[in-house]
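Let me begin by presenting the structure, written as structure tokens, before commenting on it.
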Amino acid sequence: MRLTFTLLFSLLFTGISAQYEAKIFNADYQFTDGIYLSHASWLANTPDLSWEEIDGEMVQLPEDYRVQIAAMRHKNGSEFERVYAMSLDGFPYICVRHDEQKNFHEFAGLRFRGRYAYFRYSRKELTSKMMYAYNPANGRPFRGAEVEREREVLSEVLLHVPSGEQRSLNRQNVYEILDGYSDLQRAVALLAPDDQELRSKLTRAVKLYNEREPLLLPLPPKSE
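Read in order, the letters of the sequence shown correspond to residues 4 to 227 in this note's numbering.
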């Protein structure tokens with residue numbers, strides 16, 4: 004009886020292991036192509052929709068790690084309420100913009116991967132500035148009005164892959180991420196805010212952290 008139970012347990016464990024094979028989440032990790040509607044399905048590498056189930060007009064900008072999809076919808080005609088990520092040829096992209104009125108989605112590709120992944124994208128931001136009309140006789144302002152203008156703003160994001168938390172790439176956030184590795188924290192603390200290579204040095208520190216704290220994906224299935 005004991006031998007039978009042990010054999011059954013062994014066969015069950017072997018079956019689960021065969022279905023679940025985790026790999027280090029690095030540049031070699033391949034995502035299954037399709038659309039991911041949630042962070043959970045993305046972590047599990049199980050797309051909610053395949054590309055065969057989707058209509059839309061795609062523009063791919065590989066040099067910018069960017070993909071834009073206009074009029075994206077199910078082939079039955081219904082639109083998406085929310086999209087988290089997508090994969091194209093095994094490469095992961097995070098949804099960074101959804102214009103509901105125009106039904107337009109924009110995705111940014113992960114530029115490096117690990118426990119913390121990195122992506123960046125440009126967004127438009129409204130700024131206001133006081134503009135004055137000047138009296139030509141004395142050069143003094145006699146009328147002022149606040150004028151709104153659009154400007155391009157670069158967003159640089161560190162994605163904590165297990166939780167989905169997003170942080171801006173800056174010295175303070177990277178320093179906090181490196182908690183437990185005093186050598187890396189010291190190096191970041193010494194960086195000058197106006198360092199011309201600040202971005203590359205900060206991302207290098209995060210990559211070193213990822214090497215010391217490797218992440219395995221997909222995450223193991225939860226036991227019931």
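Where is the CB? At the ideal position from N, CA and C, for every residue including glycine.
Note that the structure is predicted; figures quoted are calculated from it, not measured.
Identified DSSP bridge partners for residue i
{"i": "I97", "result": "A88, A111"}
{"i": "E161", "result": "A small fix is needed here, since residue 161 is Leu in this sequence, not Glu. Y121, R170, per the DSSP bridge assignment."}
{"i": "A73", "result": "E60, F107"}
{"i": "L219", "result": "I27"}
{"i": "Y137", "result": "P144"}
{"i": "D186", "result": "In DSSP, D186 forms no bridge with anything."}
{"i": "D102", "result": "F107"}
{"i": "V156", "result": "R126"}
Burial state of residue i (16 or more Cβ within 10 Å)
{"i": "Y124", "result": "buried"}
{"i": "R189", "result": "exposed"}
{"i": "R69", "result": "buried"}
{"i": "V209", "result": "buried"}
{"i": "E214", "result": "exposed"}
{"i": "G93", "result": "exposed"}
{"i": "A120", "result": "buried"}
{"i": "A111", "result": "buried"}
{"i": "P139", "result": "exposed"}
{"i": "G183", "result": "exposed"}
Top-ranked residue by Cα proximity to residue i, from the options
{"i": "K78", "options": "S166, I97, A25, E55", "result": "E55"}
{"i": "H108", "options": "R76, G93, A120", "result": "R76"}
{"i": "D3", "options": "Y121, E82, R116", "result": "Summary: the structure shown does not reach residue 3, with the chain confined to residues 4 through 227, and so no result is reported for it."}
{"i": "L157", "options": "N213, S171, A120", "result": "S171"}
{"i": "C98", "options": "L113, I180, D92, A195", "result": "L113"}
{"i": "E3", "options": "A73, L194, R126", "result": "Only positions 4 to 227 of the chain appear in the structure, and residue 3 is not among them; the question remains open."}
{"i": "D51", "options": "L205, T35, P65", "result": "T35"}
{"i": "K105", "options": "F115, R118, H163, A74", "result": "A74"}
**OP:** Starting from the N-terminal side, write out each stretch of the alpha helix (DSSP H) that is 4 residues or longer and does not extend beyond the region 16-62.
**Re:** As far as the region 16-62 is concerned, its whole alpha helix (DSSP H) runs of at least 4 residues are 42-46.
Original post:
Do the region 173-182 and the region 84-100 meet, that is, are 3 or more Cβ pairs less than 8 Å apart?
Top reply: Segments in contact, no.
Original post:
Three or more C-beta pairs closer than 8 Å, one from the region 57-64 and one from the region 39-47: is that the case here?
Top reply: Short answer: they don't touch.
Subject >> Three or more C-beta pairs below 8 Å linking the region 210-225 and the region 28-37 >> reply: At 8 Å Cβ cutoff, the stretches touch.
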